[in-house]
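Visitor: Pasting a structure here, questions to come.
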Amino acid sequence: KAGVTQTPRYLIKTRGQQVTLSCSPISGHRSVSWYQQTPGQGLQFLFEYFSETQRNKGNFPGRFSGRQFSNSRSEMNVSTLELGDSALYLCASTAQGGYGYTFGSGTRLTVV
Amino acid sequence: QKEVEQDPGPLSVPEGAIVSLNCTYSNSAFQYFMWYRQYSRKGPELLMYTYSSGNKEDGRFTAQVDKSSKYISLFIRDSQPSDSATYLCAMSSYNFNKFYFGSGTKLNVKP
């Protein structure tokens with residue numbers, strides 16, 4: 003059974019640019035969540051999608067957005083990148099939003 | 014104040030030692046408690062989960078939850094170098110709408 007796949011693995015962008023990250027959940031999983039992980043703040047919840055609808059949202063500015071497609075694949079977009087957006091972005095899926103996530107390996111975003 | 018507090022370490026122990034990792038939390042609505050292990054350059058992987066208070070054992074790992082003290086623990090017996098990783102606690106209320114993570118404790122088990 004394939005795990006959660008995130009692409010790309012590494013990304014370097016310039017301040018002011020925008021970026022789109024992709025996540026393919028485990029087959030059959032309909033809930034996809036996104037987290038930002040930094041050494042100082044740890045794992046911070048961005049948003050959760052279930053059946054193409056945003057079901058929950060964390061405390062991030064509107065520059066961070068996401069969507070989910072009918073096949074449960076999800077994308078997140080960050081516009082007008084800032085240096086502080088440099089982080090590991092993790093996607094996680096669950097079957098119905100259950101007790102435990104399966105995480106992908108993440109996308110390491112560096113903003114210069 | 015953060016919802017979940019976890020000592021970042023690092024924690025360095027000799028092989029074979031018993032390791033104790035802990036988290037405290039402030040939200041009494043949390044019902045589900047999880048421990049994740051994260052190796053370098055990898056995403057976190059679920060180690061154990063418990064519901065409400067009590068103990069749960071799985072091989073060398075034991076998870077404890079004390080809801081009255083808002084305190085959870087993960088014990089690792091006979092620690093191995095392969096246990097060297099960052100351990101994150103996580104918790105959620107009954108509807109799983111959002112998970113709250115600790116900042117992670119980095120563990121190093123020396124051969």
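Chain order of the listed sequences is W and G.
Going by the working numbering, the first residue of the first sequence is number 3, and it counts up by one from there.
Going by the working numbering, the first residue of the second sequence is number 14, and it counts up by one from there.
Backbone N, C-alpha and C define an ideal beta-carbon position, used for all residues, glycine too.
Does Val-6/W come within less than 9 Å of chain G when only Cβ atoms are used?
Guide: The residue labelled residue 6/W in the question sits at position 4 within the first sequence. Yes, because at least one Cβ of chain G sits closer than 9 Å to the Cβ of Val-6/W.
Visitor: From Ser-107/W to Lys-83/G, what does the alpha carbon distance come to, in whole angstroms?
Guide: The count along the first sequence starts at 1 and reaches residue 107/W at position 105. The count along the second sequence starts at 1 and reaches residue 83/G at position 70. So the alpha carbons of these two residues sit roughly 30 Å apart.
Visitor: If you compare alpha carbons, which of Thr-63/G, Tyr-100/G, Gly-115/G is closest to Gly-102/W?
Guide: Start at 1 with the first residue of the first sequence, and residue 102/W comes out as number 100. It is Thr-63/G whose Cα lies nearest to the Cα of Gly-102/W.
Visitor: What residues in the stretch 21–55 of chain G have a beta carbon less than 9 Å from any beta carbon of chain W?
Guide: Result list: Pro-21, Tyr-45, Met-47, Tyr-49, Gln-51, Arg-54, Lys-55.
Visitor: Going along the chain, which residues of the stretch 13–28 of chain W sit with their C-beta nearer than 8 Å to a C-beta in chain G?
Guide: Taking 8 Å as the Cβ-Cβ cut-off against chain G, none of the residues of the stretch 13–28 of chain W qualify.
Visitor: How long is the line joining the alpha carbons of Asn-58/W and Tyr-38/G, rounded to whole angstroms?
Guide: Within the first sequence, residue 58/W is the residue found at index 56, counting from 1. Within the second sequence, residue 38/G is the residue found at index 25, counting from 1. Roughly 21 Å between the two C-alpha positions.
Visitor: Report all residues from its chain with a CB closer than 7 Å to the CB of Tyr-12/W; omit the five preceding and five following residues, and keep chain order.
Guide: Within the first sequence, residue 12/W is the residue found at index 10, counting from 1. Excluding positions up to five away in sequence, the list reads Arg-110.
Visitor: Is Ser-81/G helix, strand or coil when you go by DSSP?
Guide: The count along the second sequence starts at 1 and reaches residue 81/G at position 68. The answer is coil: DSSP assigns Ser-81/G none of H, G, I, E or B.
Visitor: Of all Cβ atoms in chain G, is any one closer than 9 Å to the Cβ of Tyr-37/W?
Guide: Numbered from 1 along the first sequence, position 35 holds the residue referred to as residue 37/W. Tyr-37/W counts as touching chain G.
Visitor: For the beta strand (DSSP E) that contains Ser-95/W, what are its first and last residues?
Guide: Along the first sequence, read from residue 1 onward, the residue named residue 95/W stands at position 93. Per DSSP, Ser-95/W belongs to the beta strand (DSSP E) from 89–96.
Visitor: Just to confirm before moving on: does the CB-CB distance between Thr-82/W and Arg-65/W stay below 9 Å?
Guide: For the purposes of this step, residue 82/W is taken as residue 80 along the first sequence, with counting starting at 1. For the purposes of this step, residue 65/W is taken as residue 63 along the first sequence, with counting starting at 1. Taking 9 Å as the Cβ cut-off, Thr-82/W and Arg-65/W qualify as a contacting pair.
Visitor: Please list the partners that Glu-58/G has in chain W, where partner means a Cβ-to-Cβ separation under 9 Å.
Guide: For the purposes of this step, residue 58/G is taken as the residue at position 45 of the second sequence. Within chain W, the residues near Glu-58/G are Thr-104, Phe-105.
Visitor: To which residues of the same chain is Ser-24/W closer than 6 Å at the C-beta, ignoring the five residues directly before and after it?
Guide: Within the first sequence, the letter at position 22 stands for residue 24/W. Counting only Cβ-Cβ distances below 6 Å, and skipping sequence neighbours, we find Thr-9, Glu-77.
Visitor: Among all the DSSP beta bridges, which residues are the ones paired with Ser-39/G?
Guide: Sequence index remark: in the second sequence, residue 39/G carries index 26 (1-based). DSSP lists no partner for Ser-39/G.
Visitor: Would you please verify whether the beta carbon of Tyr-100/G is less than 9 Å from any beta carbon of chain W?
Guide: One-based indexing of the second sequence puts residue 100/G at position 87. By this cut-off, Tyr-100/G is not an interface position.
Visitor: I want to see whether chain W comes within less than 9 Å of Gln-19/G, judged by CB atoms only; does it?
Guide: As a position in the second sequence, residue 19/G is number 6, starting the count at 1. Yes, because at least one Cβ of chain W sits closer than 9 Å to the Cβ of Gln-19/G.
Visitor: Quick check on Asp-71/G: does DSSP put it in helix, strand or coil?
Guide: Numbered from its first residue, the second sequence carries residue 71/G at position 58. In the structure shown, Asp-71/G sits in a strand (DSSP, three-state: E or B).
Visitor: When DSSP labels each residue in this structure, what does Pro-94/G get in the three-state scheme?
Guide: In the second sequence, the residue the question calls residue 94/G occupies position 81. Three-state result, Pro-94/G: helix.
Visitor: On the DSSP bridge assignment, give the partners of Val-114/W in chain order.
Guide: Position 112 of the first sequence, counted from the start, is the residue given in the question as residue 114/W. According to DSSP, Val-114/W bridges with nothing at all.
Visitor: At a threshold of 8 Å, does Gly-106/W count as lining the ligand FAD (C-beta to nearest heavy atom)?
Guide: What this structure holds is no ligand at all, so the ligand FAD is not there to describe.
Visitor: Classify Thr-104/W: buried if its beta carbon has 16 or more other beta carbons within 10 angstroms, exposed otherwise.
Guide: If you number the first sequence from 1, residue 104/W lands on position 102. Thr-104/W should be labelled buried.
Visitor: Output yes or no for whether 9 Å exceeds the beta carbon distance between Tyr-100/G and Trp-48/G.
Guide: Mapped onto the second sequence, residue 100/G falls at position 87. Mapped onto the second sequence, residue 48/G falls at position 35. Cβ distance < 9 Å, so Tyr-100/G and Trp-48/G count as in contact.
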